[in-house]
Each structure stands twice: as structure tokens, then as C-alpha cells.
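Asker: All letters in the sequence shown, in the order written, are residues 423 to 892 by this note's numbering.
We put the beta carbon where it would ideally sit given N, CA and C, even for glycine.
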Amino acid sequence: ESVNLHGSGVLLAVLDSGIDYAHPAFLDDSGMSRILALWDQSIEGGSRFSPPDGFYTGAEFTKADIDEALRQSDIQARLQIVPSVDVNGHGTAVAGIAAGSRTQTNPTYAGVADQSDLLVVKLGTAREGSYPRTVELMRGLYYVLQKSIQLGRPLVINLSFGHTYGSHQGNSLLEEYLNYISGIWKTVICIGSGNEGAAGGHYAGTILDSDLTVELAVGEFENGLNIQIWKHYGDEFLITLITPRGRRITLPEGLTGTWRYPISDVELFAYIGEPSPYAQLQEIFLDFIPSETFMESGIWSIEFKPRRIQYGQFHMYLPSESVLSAGTRFFNASPMRTLTIPSAAFSPITVGAYNSVFRSYAEFSGRGGESCETIGYVKPELVAPGVNITAPKVGGGYEAFTGTSFATPFVSGGAALLMEWGIVKGNDPYLYGQKVKAYLRRGARQLPGMETPNPMTGWGALCVADSLPR
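(1) With the cut-off set at 8 Å, would you say Ala775 and Gly808 are in Cβ contact?
(2) What residue from Ile611, Glu718 and Leu577 has the CA that sits closest to Gly641's CA?
(3) If you draw a straight line from the alpha carbon of Ala447 to that of Ile724, how long is it in whole angstroms?
(4) Would you check if there are 3 or more beta carbon pairs closer than 8 Å linking the stretch 624-644 to the stretch 743-754?
(5) Is it the case that the CB of Ala883 approaches a heavy atom of the ligand NAD more closely than 7 Å?
(6) Can the beta-carbon of Trp722 be found less than 8 Å from the beta-carbon of Thr665?
(7) Let me make sure I understand the geometry here. Which of Gly546, Val534 and Ile606 has the alpha-carbon closest to that of Tyr564?
(8) Which same chain residues, not among the five before or five after Val516, have their C-beta less than 8 Å away from its C-beta?
(9) Alpha carbon to alpha carbon, how far is Arg759 from Thr796? Give it in angstroms, no decimals.
(10) For Ile497, is the classification buried or exposed, using 16 other Cβ atoms within 10 angstroms of its Cβ as the cut-off for buried?
(11) Comparing alpha-carbon positions, which option in Pro870, Leu869 and Tyr854 lies nearest Val894?
(12) Arg789: buried (16+ other C-beta within 10 angstroms of its C-beta) or exposed?
(13) Which residues mark the beginning and the end of the beta strand (DSSP E) in which Tyr693 is found?
(14) Helix, strand or coil for Ser698, going by three-state DSSP, please let me know.
(15) Specify whether the stretch 663-682 and the stretch 769-788 touch according to this definition: at least 3 beta carbon pairs, one from each stretch, less than 8 Å apart.
(16) Ignoring anything shorter than 3 residues or poking outside the stretch 795-871, list the beta strand (DSSP E) runs there in chain order.
(17) In whole angstroms, what is the alpha-carbon distance linking Leu839 and Ile488?
(18) Mind pulling the beta strand (DSSP E) runs of 3 or more residues that sit fully within the stretch 458-528?
(19) When the Cα atoms are used, what is the spatial distance from Val745 to Asn849?
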């Protein structure tokens, strides 16, 4: 039986780098905008623009504002009315894959849910000393949830965004908030698993009764670096850092607090934390700040000497590959537990990437734990095409994009189709939240040679047709 679904009646929210609102991919047949609301958190409101009700930063633009801007033939006049710009094109591509228009001039590169209306949040820059965009993202989530409740329409939220800072147990502040948001209203959240699977930025260690040395290659022109060590609080071991020239720095044993160590061309700041009311693990954070321009390249070593071991396992993480110089990575790195944060959250749908031409797993795609015991559940849930995906580019036209960022909107669009079938068309008024996840998991197609579920592809490749109830 043929089912004609386009995401009509469902809101699709993209929280990202913004959107090129004048691109034909986001216009209807009359040339007006399919964006119902755009909150640009990066714009200083001043007297000309106002933030959304209840918020104090950025500027909100309505569909009427955007339509008025689109009527201007001159780009500068358009930007006087709606001055929101997607600088790097990431959000524009993501929104186009999820919900790009199907028009007479563009029948080929339409998005999955080509009739869903869009809510767009351009995430502001994190304030100095704060977590990477966490506050901005949480505000954006609350904003789009409020909008969908006011409009009385089901909501899909797309998050093609993540970072490596955290214990990777799925219990960070942002991940707990996502679980909470997922349980409100008729909502589905889809998050990319990140591109750290083959980056060499994760080391999984076990220390019992003998010393362990972990080696880290630091590439040329590295202008700063940090290392997170996450361990069980009951384990006690002595940590010594060894520079490429043999200088040794031993961290204080059994103490918490911050320390500063000047090395020849680098200052090392060390933070030894303690468990929090919300997390049991202990964090040791090492931050290397070059006194000149770059760090000393070569092999750095971290030596662990056991003192009192209860559990013995620990994990180390580098920043995302995208901010490191080429060649900076752990020797003997583990590709497992490389989901970026917040994609380890339980309630959202976590999306990895596969190569749809060869029907093979994309090795860069972030992976879950070796077994579901790591965080108690299998992540990612499924994979979608994420290699050389044609999507809208800023300024008009289309180009190819690769990464889990561009796999995620396939699933977001797919979720919108299911919610249109269930909620909008009246076939199942409760088709949202975990029910959508269950349907998509059931319909996922196993990739060749990949038993399911597994921590790379979850239950398999997205297939909306097989996910619809028969």
C-alpha cells in the first residue's frame, strides 16, 4: 500500500549554525518562507530587535519578518530586516536534508519531510569559561518546545552538534535535560553520534597491580591541548606526565584542587576533581597552554602507578578531532565509547552514519560501548546515509557534505513522516517519543556483515517504509 507522506503538520526544529533563509530549499511555491520562527542567539538585540518572550539574548524573527525580507530585491535591504546569517553553512545543509522544499525547480534534492514547517535556532557562542554551548542549547530546546505547545503541533528536534567533554556515561547535565525535554509534549529528538570513531581521541585503560604508560602523539603546530581522565573515585594511582624531552611532572597524590606547572614552552594546568551530586566518577583535567605559539610536538607519555585499586578501569579523552592538528592522537586508541556529548542520552534517538553507496559503516561515525553494560543501553539506535550527501549551500545551489551531522536529519525527517502518519492523519495519536524510536528500530535494515544490535550501527540503516505499521 502506497502512503503519501511529506511531514505536513509536523514542526521540524533545527538547532545549529543558523540558516540561509533565502535559499529556495526553504521557500514554498509562492516564494515565501517555510520558517515559522528564527531565533538568532548571536545577534545583540539593542533597540531594533527583540529576543523571544522570556529570554534576554539574541533576536527573534517571525515568518512575517522573513517574508518581508524576502520581498526585498537587494541583499543589504533584506539583511536590514532579518540580519541572521549562517556563516559556515552547517545548519543550512542540515535543515535542507531534513526538510528542504520539493519545487518545480528543485525536484531532485528535496528534503525528507519537504512539507514540515521549520523552527530554527542559531546557537550563540558560549560565554568564556562555560561548557561548550550547553546553556545556549538548553535555552534553544526550551524555546522550540514552547513554540510547538503554543501551536499545538508535534515536534521533531534535530541536533547535529556534539563535543567530547564529559564522562561519556550519558549522565551529563545536558543529557539529563534532553531526557527531561523528551518526556514533554509530542516530541522526538534526534542527535548525531559525532565523527570521533576513527579520530584516536579516546583511550580505554585498565590498571590493576602493575604500572601503565599511555603514549600520546602531539602533531606539529598544535596550539593547545587538553586531556580528560575519568576514573572511579575509589581507585588511587600516581600520575606522572613525561614530555618529549624527558621532563617529568607528577601530580599530587590523593588531593583535589588545581595546580600550575611551568614547562619549558608550555604551562600545564591540572585540575583534580571529586564526585558531584549527579555523577560518581572523578575527573582529572590536564590543560596545556603554549607560552609561544605551539606545543612541543612528539611523543608525550602519561605514567600510571597503582596505589589502591577497587575497579581499575579509566578513560581518557582529547578534544574533538576538528580542533586538533593532524597527527595528534593516542597510540593504542579505542574507537569504542566515542559518542560525542550529548548523544549518549537515553531518550533521544542517536544516529550514526553509513556509506549508502557501499552499504557499509562509516568508520568516522561515533560508537557506543563494547557492550550495552557500558551505559545500560545500545547507542547509536540506527544509522543513516552520511557520506557525500547533497545538500543546500549558503548563497544558493547544492554541494556534498559528509559526517553524522548530515545523517541525523534523515532520521529527523523520517520521524516527522511517522508523526504525520500517526498524529496528523489520525492513525495513531500517540506516535511520538519512545514509540517513534521503537518503530524506527524495528524497521531498520541490517547492513551486510553487521549483526544487530551493535555499537556501530545499532539496529541498522534507516528505513521509514518498513517502520510504518503494516
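Answerer: Let me spell this out:
(1) yes
(2) Glu718
(3) 50 Å
(4) yes
(5) No copy of the ligand NAD occurs in the structure displayed, which carries no ligand at all.
(6) yes
(7) Ile606
(8) Val436, Asp438, Asn580, Ser582, Ala813, Ser827, Phe828, Thr830 and Pro831
(9) With a pLDDT of 46 at Thr796, under the threshold of 50, the modelled position of this residue cannot be trusted; read the value that follows with caution. Those two C-alpha atoms are separated by around 8 Å.
(10) exposed
(11) Past the edges of the chain, shown from 423 to 892, lies residue 894, and the structure says nothing about it.
(12) buried
(13) Val688 to Ile694
(14) strand
(15) no
(16) 804-807, 811-814 and 820-823
(17) 26 Å
(18) 481-484
(19) 46 Å
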